[in-house]
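Participant: Right, I'll just put the structure down here and ask away after.
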Amino acid sequence: MGVPAFTPYLEIPELARYNFKVVHVKGSAKTKDGKSNFQYPEEELDKLGDKSIKAFFITNPSNPTSVEICEQCRKYLVKVVKKLNPNLMILTDDVYGTFVEGFTSLMKDLPKNTICVYSFSKYFGCTGWRLGVIAVHKENIYDDMISALPEKEKKRLHTLYESLLVHPEKIKFIDRMVADRRQVALNHTAGLSLPQQIQMMLFAGFALLDKKNKYKETCRNLLHKRFDIF
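Structure (C-alpha cells):
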C-alpha cells in the first residue's frame with residue numbers, strides 16, 4: 143500500500159474479514175532543500191518487484207497530501223512491474239485526479255494491470271451518494287489469471303457462477319465483481335438503484351453541457367485558495 147493514505151484504507155486490510163499482510167510503500171522522498179514531496183523513492187518501488195506481493199493499492203493524487211505521483215515514479219513503477227512482477231494487481235483511487243491539470247492515471251501506464259476507481263459524487267460534492275465507477279481494460283491480467291487457475295479452482299468457480307451463464311468460465315472479471323457484490327444469486331438486483339442511476343445521469347449531463355469546464359475551474363481555484371494544493 144502506498145502511504146501516506148486515507149485512514150480507512152489503512153484500517154480495512156487489518157480487519158479479521160481480510161487480514162491481509164500489508165507492506166507499506168512509503169512516499170518518503172524529499173526535495174533538494176529537504177522538504178517532503180511525498181513521491182516514492184526507487185528503493186520503495188523496488189518492494190513491488192517481489193512476486194509475493196500480489197497487489198499495490200495507491201491513492202493518486204494522494205489523500206491527505208494531495209500529491210500526484212510524478213512521471214519519474216510512474217516510469218520506474220512500469221519498469222519494476224514489467225521486468226519483475228508482471229502480474230502485480232494495481233488498484234488506483236483517482237478520485238482527485240479531476241482537479242489536477244494534466245493528470246495521468248496509472249491506467250495509462252499499466253492498463254492491463256490496473257483497476258481504476260473514480261467517484262462522480264465526490265467530484266460534484268455529494269459524497270453521501272457514494273456514486274463511484276470502476277474501470278478495467280478489456281485486455282487485463284485478471285481475466286488471464288482466472289483462465290490460468292488450477293482445475294480444482296476452476297470447478298469451484300464454475301459452480302459459483304453457473305446460475306448466470308451456460309458457460310460461466312467465460313464471465314469477465316469485472317462482471318464477477320458485480321455478481322459477487324450481490325452474492326451471485328441476487329445478480330439480477332446488482333448495480334445501481336434507479337435514483338442513483340438518475341443522479342449519475344444528471345451529473346454526467348451537467349459535465350457534458352459545461353463545455354468550458356467552469357465548474358471544474360471554480361473547484362480547482364477554491365482548493366488552491368483554501369489549501370494551497372495541486
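Numbered continuously in the numbering used here, the sequence shown closes out at residue 372.
Virtual Cβ for every residue (Gly too), placed ideally from N, Cα, C.
Can you have a look at Thr-256 and say buried or exposed, based on whether 16 or more other CB atoms are within 10 angstroms of its CB?
Facilitator: So Thr-256 ends up on the buried side.
Participant: I'd like to know whether the C-beta atoms of Ile-200 and Thr-234 end up nearer to each other than 9 Å.
Facilitator: yes
Participant: Using 8 Å for Cβ pairs, my map puts Ala-197 next to Met-231. What's the rounded Cβ distance?
Facilitator: 4 Å
Participant: Using DSSP bridges, identify the partner residues of Leu-233.
Facilitator: The partner list for Leu-233 (beta bridge, DSSP) reads Phe-199 and Ile-257.
Participant: Beta carbon of Leu-190, beta carbon of Val-164: below 9 Å?
Facilitator: Contact flag unset, no.
Participant: On the DSSP bridge assignment, give the partners of Ala-277 in chain order.
Facilitator: Cys-258
Participant: Cutting at 6 Å between CB atoms, please list the residues of its own chain near Ala-277, excluding the five before and the five after it.
Facilitator: Cys-258
Participant: At the level of alpha carbons, what is the spacing between Phe-345 and Tyr-151?
Facilitator: In a straight line, the C-alpha of Phe-345 is about 26 Å away from that of Tyr-151.
Participant: Along the chain, where does the alpha helix (DSSP H) that runs through Leu-226 open and close?
Facilitator: 213-226
Participant: Let's test the definition: count the other Cβ atoms within 10 Å of the Cβ of Ala-321 and tell me whether it reaches 16, buried, or not, exposed.
Facilitator: With 16 or more other Cβ atoms from the protein chains shown falling within 10 Å of its own Cβ, Ala-321 counts as buried.
Participant: Just tell me which of Arg-318, Lys-296, Glu-213 and Arg-298 has its CA closest to the CA of Leu-306.
Facilitator: Arg-318
Participant: Does DSSP put Ile-371 in a helix, a strand or coil?
Facilitator: Residue placement at Ile-371 is poorly supported in this model, since its pLDDT is 47, which falls under 50; the coordinates are not used for a value here.
Participant: Report the partner residues of Lys-172 according to the DSSP bridge assignment.
Facilitator: For Lys-172, which the question treats as bridged, DSSP gives the partners Ser-178.
Participant: Once you ignore the five residues that flank Ile-371 on each side, which residues in its own chain have a CB closer than 8 Å to its CB?
Facilitator: Residue placement at Ile-371 is flagged as unreliable, the pLDDT there being 47, under the threshold of 50; a coordinate-derived value is accordingly withheld.
Participant: Check each candidate in Asn-161, Ile-283 and Ser-261 and name the one with the smallest Cα separation from Val-275.
Facilitator: Ser-261
Participant: Could you give the distance in angstroms between the alpha-carbon of Asn-202 and the alpha-carbon of Pro-253?
Facilitator: 15 Å
Participant: Cα separation between Glu-311 and Lys-356?
Facilitator: 46 Å
Participant: Taking the alpha-carbon of Leu-334 as reference, which of Arg-272, Ala-147, Ala-158 and Phe-266 has the nearest alpha-carbon?
Facilitator: Among Arg-272, Ala-147, Ala-158 and Phe-266, the Cα nearest to that of Leu-334 is on Arg-272.
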